[in-house]
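Worksheet: the structure to be examined is printed underneath.
Number of protein chains: 2
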Amino acid sequence: MINIGILGFGVVGSGVAEVIAMNLEKLEKHLEQPIRVKRILDVRDFDDSPFSDLLTKDADVFFNDTDISVVVETIGGVGIAYEFTSRALSQGKSVVTSNKELVATHGVELLQLAKDNHCAYFFEAAVGGGIPIIRPLHRCLAANRITKIAGIVNGTTNYILTQMELSDMDFSDALSRAQLKGYAESNPAADIEGIDAQRKIAILSSIAMNGIYINPDQIHTEGIKNVGVEDMTYARALGAKIKLLAIYKSYKEGSCEVIVAPHLVDRSEPISVADGVFNAIAVDGNALGPSMFYGKGAGKLATASAVVADVLDAALHQSKNAHIMSWTYPEHTVIKPFEDMHVIALVRLKGTVDLNLYRRLFPNQQIKPVVSAVPQETAFVVGQEGTLTEKMLSEATSQIKEFISLIRIYS
Amino acid sequence: MINIGILGFGVVGSGVAEVIAMNLEKLEKHLEQPIRVKRILDVRDFDDSPFSDLLTKDADVFFNDTDISVVVETIGGVGIAYEFTSRALSQGKSVVTSNKELVATHGVELLQLAKDNHCAYFFEAAVGGGIPIIRPLHRCLAANRITKIAGIVNGTTNYILTQMELSDMDFSDALSRAQLKGYAESNPAADIEGIDAQRKIAILSSIAMNGIYINPDQIHTEGIKNVGVEDMTYARALGAKIKLLAIYKSYKEGSCEVIVAPHLVDRSEPISVADGVFNAIAVDGNALGPSMFYGKGAGKLATASAVVADVLDAALHQSKNAHIMSWTYPEHTVIKPFEDMHVIALVRLKGTVDLNLYRRLFPNQQIKPVVSAVPQETAFVVGQEGTLTEKMLSEATSQIKEFISLIRIYS
């Protein structure tokens with residue numbers, strides 16, 4: 206009998222209980238033994254939940270239950286979730302989570318604690334919701350050096366951008382619609398400012414770097430607030446979509462480039478199929494070549510599906526000294542400074558401007574005029590061949606008095 | 206030290222040796238111990254291979270080497286490959302393979318043999334080449350009932366269809382080009398007749414059925430020989446592409462529909478992004494919802510990447526009684542008979558025909574006229590709502606004297 210304890214009975218936590226009930230027969234066949242949710246810890250009341258008799262508000266009751274061998278942490282945040290996760294792992298109980306903030310912040314310590322206590326710390330659901338990506342990256346692509354990851358990893362911003370594209374809405378109207386539909390929180394800052402995507406690409410980057418921890422705070426991050434209706438007009442004209450991308454590129458041995466920012470993504474790119482709340486993550490390996498994973502990046506049952514898969518894996522590898530990831534802090538900075546990163550961008554200028562006047566600002570660069578998609582504007586693409594740095598680009602545009610804005614181009 | 210033996214030093218077998226050499230440092234970090242290819246068994250000579258000193262032609266030398274704990278079988282076919290796989294598993298050595306024919310034919314026995322001998326039989330590379338699909342389906346989606354799989358799983362036919370679509374070639378010209386490029390074999394029958402796809406969907410279906418073995422011979426299979434330039438014209442007119450799809454649908458508890466046939470796939474479907482030799486596999490789970498996996502379905506290093514990932518997994522779970530799949534033969538037929546399967550199809554008729562004349566042949570069906578994409582033809586779509594069976598469709602079309610052909614529509 207596998208006994209599970211759930212910490213936090215919110216959307217994902219209750220989804221975990223539901224998925225286990227819904228697919229119990231299949232799970233027990235997979236495990237070759239019975240499985241049940243034994244206890245749920247939450248400070249709130251859930252009187253009409255079918256699982257209300259499993260609820261306790263007393264953490265000691267939860268942690269002193271020696272039947273529980275796998276703990277699901279779906280509290281979120283880094284406060285009490287960190288404390289409870291540490292407590293469970295210290296007891297030798299495997300912990301499974303969807304908490305990207307905790308993994309991105311304290312992954313090194315928690316993975317070490319799991320190792321020390323011969324149990325597992327799994328977090329498939331922390332990136333891409335229900336899409337298998339952590340295990341495919343760590344296990345299925347283990348024979349590859351990961352050279353690139355480019356992900357649409359935040360459903361809220363992707364929903365907003367898709368609405369802007371399809372309905373010609375501006376950002377704030379699209380945000381309101383997302384809130385109305387329940388796809389954006391009343392305080393949507395972590396999503397629209399790119400913080401959620403930043404945490405997720407930090408996790409994926411740490412795996413791609415073979416366990417060298419990438420600190421999310423060091424990742425240059427831009428949200429989608431400044432994406433306007435005019436940008437969508439250019440996107441359409443160029444056969445592209447605008448997506449908030451979280452990108453990892455291996456740079457040279459032991460270092461990498463990581464960025465979160467809106468990008469023009471050509472419609473021929475496989476990841477461009479992800480519209481609305483869907484996520485897509487492209488991964489390039491030096492043996493595999495390009496690959497892509499697509500699916501629901503959020504939602505109760507989709508996310509719970511990934512959590513429960515981790516529960517099964519943890520249950521099957523109990524006391525077998527399961528091989529789990531191991532992360533370490535880097536000895537020196539491994540992320541290339543933002544200003545040294547290479548960039549290709551679409552630059553928009555006010556009025557009808559002779560681009561020849563600005564060629565001297567971009568030495569050794571091709572400036573490719575783009576037919577303006579907006580009246581009274583001039584636009585061009587600069588940065589072919591990966592020779593233009595962010596620093597060069599921002600210095601040049603700061604000297605152009607007609608400069609409106611720029612948007613990066615994914616390549 | 207993990208010692209590997211390779212059976213068959215063809216494209217994939219030599220790719221395995223190459224990938225191990227190329228990414229050795231990463232592999233050893235992942236394993237936390239050294240790994241090497243100890244021996245390679247092949248009857249051919251490979252004098253200029255950097256691995257020639259590892260080659261032996263003597264099977265006894267190979268199998269008596271007690272250092273070898275993981276065997277890679279990249280011989281192909283069901284003859285000697287079956288014999289050698291059985292021999293290795295009986296010795297308690299884990300076997301990893303890309304051999305879809307062997308898995309689809311003898312998977313039940315070989316998985317049982319692995320279980321009996323406390324070792325593993327892994328075949329991630331047998332479907333989707335380098336794309337992680339077997340492990341994601343079996344492990345990452347373990348908490349789901351798999352309701353649908355729809356895959357473009359054969360790179361050769363997808364290359365041919367893409368050429369026909371982009372260059373307006375007919376089938377035989379596109380096949381010649383595929384052979385010239387090395388994407389089709391000189392005897393391309395297994396690919397173009399859909400046999401390769403049939404084996405692959407049989408494997409995926411057996412996993413989706415929780416280990417109830419699906420016999421490839423029971424899967425209705427049509428190849429791509431009859432797809433013509435005119436069909437491509439209709440596809441374009443309908444905003445679709447023609448893809449050879451291998452489809453599994455769970456039908457009711459314990460039974461399923463499985464088919465391999467060319468289908469019209471709407472360009473809004475995520476799998477439609479797979480052009481040329483790329484593969485894409487859509488998977489729907491009852492908790493996850495829709496998902497999709499995309500990448501190189503063939504090729505030396507891509508396929509080897511999946512094989513080596515399996516080698517690592519086998520190495521990490523040695524003598525730990527690793528949890529591996531278990532398949533059993535069904536007690537009764539679980540595949541729905543072809544004639545009872547539901548279908549939506551585009552039907553092409555010679556000349557300008559009054560469709561009202563044929564409505565009585567399709568009782569209770571909507572007949573949706575399609576603007577003919579070819580001069581002197583009439584076309585319509587029939588089969589909305591999943592109420593039309595293959596039997597009803599073939600009986601009806603056999604009574605239409607102007608009938609040219611039909612092509613199924615993926616939905």
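From first to last, the protein sequence lines are chains E and L.
Just so we're aligned, residue 206 is where the first sequence starts under my numbering, counting upward by one.
Just so we're aligned, residue 206 is where the second sequence starts under my numbering, counting upward by one.
Ideal placement from N, C-alpha and C gives every residue a C-beta, glycine not left out.
Item checked: Delimiting residues of the alpha helix (DSSP H) encompassing M497(L) -> In the DSSP assignment, M497(L) falls outside any alpha helix (DSSP H) and lies within the beta strand (DSSP E) extending over G494 to K501.
Check: V301(L) and V332(L): beta carbons closer than 8 Å?
Finding: For V301(L) and V332(L), no; Cβs fall outside 8 Å.
Next item on the list: Identify every residue that forms a DSSP beta bridge with N208(E).
Entry: R241(E) and I273(E)
Next item on the list: Under 9 Å between beta-carbons, which chain L residues line up against H468(E)? List them in chain order, please.
Entry: Per Cβ cutoff of 9 Å: no residues; H468(E) is ~18 Å from chain L at best.
Check: If you draw a straight line from the C-alpha of A226(E) to the C-alpha of R241(E), how long is it?
Finding: 8 Å
Margin query: Contact criterion: CB-CB distance below 8 Å. Does E265(E) meet it with respect to chain L?
Written below: The sequence as given places Asp at residue 265(E); Glu does not occur at that position. D265(E) does not count as touching chain L.
Margin query: Three Cβ pairs or more, each shorter than 8 Å: is that satisfied between the region 408 to 420 of chain E and the region 335 to 343 of chain E?
Written below: Contact annotation: the region 408 to 420 of chain E touches the region 335 to 343 of chain E, with at least three C-beta pairs closer than 8 Å.
Checklist line | Short CB-CB distance (under 8 Å) between I336(E) and chain L | finding: yes
Check: In chain E, what lies closer than 7 Å to V513(L) by C-beta?
Finding: A348
Note to self: What would DSSP say about N363(E), mapped onto helix, strand or coil?
What the structure shows: helix
Note to self: Using the Cβ count rule (16 or more neighbours within 10 Å means buried), how would you classify S473(L)?
What the structure shows: exposed
Margin query: Just to confirm my understanding: we take A355(E), look at its own chain, exclude 5 residues before and 5 after, and list those with CB closer than 6 Å. What are they?
Written below: L450, I452 and A487
Notebook entry, point to check: Mind pulling the chain L residues with CB within less than 9 Å of P495(E)?
Noted result: F483, Y499, G500 and K501
Check: Do L294(E) and N322(E) have their CB atoms nearer than 8 Å?
Finding: yes
Note to self: Going by beta-carbon coordinates alone, are I209(L) and I280(L) separated by less than 8 Å?
What the structure shows: no
Check: At a Cβ threshold of 8 Å, is A509(E) touching chain L?
Finding: Contacts with chain L at 8 Å (Cβ-Cβ) include A509(E).
Note to self: My output table needs one value for S299(L): the three-state DSSP class, helix, strand or coil.
What the structure shows: strand
Check: With contact counted as at least three CB pairs below 8 Å, one residue from each stretch, are the region 365 to 378 of chain L and the region 533 to 550 of chain E in contact?
Finding: no
Notebook entry, point to check: What distance in whole Å lies between the Cβ atoms of K573(E) and V586(E), which are believed to be in contact at a cut-off of 8 Å?
Noted result: 4 Å
Next item on the list: Run down chain E in chain order and give the residues with a C-beta less than 7 Å from the C-beta of D518(L).
Entry: R344
Item checked: Expected contact under 8 Å - CB spacing of S510(E) and G335(E) to nearest Å -> 5 Å
Checklist line | Residue of I540(E), N359(E), S477(E) and F567(E) minimising C-alpha distance to T592(E) | finding: F567(E)
Checklist line | chain E contact for V224(L) (CB, 8 Å cutoff) | finding: yes
Check: Candidates M530(L), A394(L) and P467(L): which alpha carbon is nearest S610(L)'s?
Finding: P467(L)
Notebook entry, point to check: Where DSSP assigns a beta bridge to A264(E), which residues make up the other side?
Noted result: Beta-bridge pairing links A264(E) to no other residue.
Note to self: Considering only DSSP beta bridges, list what G335(L) is partnered with.
What the structure shows: Its beta-bridge partners do not exist; DSSP assigns none.
Next item on the list: Tell me whether the beta-carbon of Q604(E) lies closer than 8 Å to the beta-carbon of G588(E).
Entry: no
Note to self: Assuming contact is defined by CB atoms lying nearer than 8 Å, are L469(L) and I614(L) in contact in what I supplied?
What the structure shows: yes
Next item on the list: Check whether the Cβ of S257(L) sits closer than 7 Å to any heavy atom of the ligand COA, and report yes or no.
Entry: This structure lacks the ligand COA; in fact it carries no ligand of any kind.
Item checked: chain E contacts from the region 397 to 431 of chain L (Cβ-Cβ distance under 7 Å) -> N415
Next item on the list: Kindly list the residues whose CB is nearer than 7 Å to the CB of R292(L), restricted to its own chain and excluding five residues on each side of it in sequence; keep chain order.
Entry: F268
Notebook entry, point to check: How would you label G282(L), buried or exposed, when you count the other beta carbons within 10 angstroms and need 16 or more for buried?
Noted result: With fewer than 16 other Cβ atoms within 10 Å, it is exposed.
Next item on the list: Take every Cβ of the region 422 to 429 of chain E, pair it with every Cβ of the region 438 to 446 of chain E, and state whether three or more of those distances are shorter than 8 Å.
Entry: no
Next item on the list: Taking K446(L) and E370(L) to be in contact with their CB atoms under 8 Å, please state how far apart those CB atoms are, rounded to whole angstroms.
Entry: 6 Å
Margin query: Contact criterion: CB-CB distance below 8 Å. Does R340(L) meet it with respect to chain E?
Written below: So yes, R340(L) belongs to the interface.
Note to self: Which of the three DSSP states is assigned to V516(L) in this structure?
What the structure shows: Note: V516(L) maps to helix in three-state DSSP.
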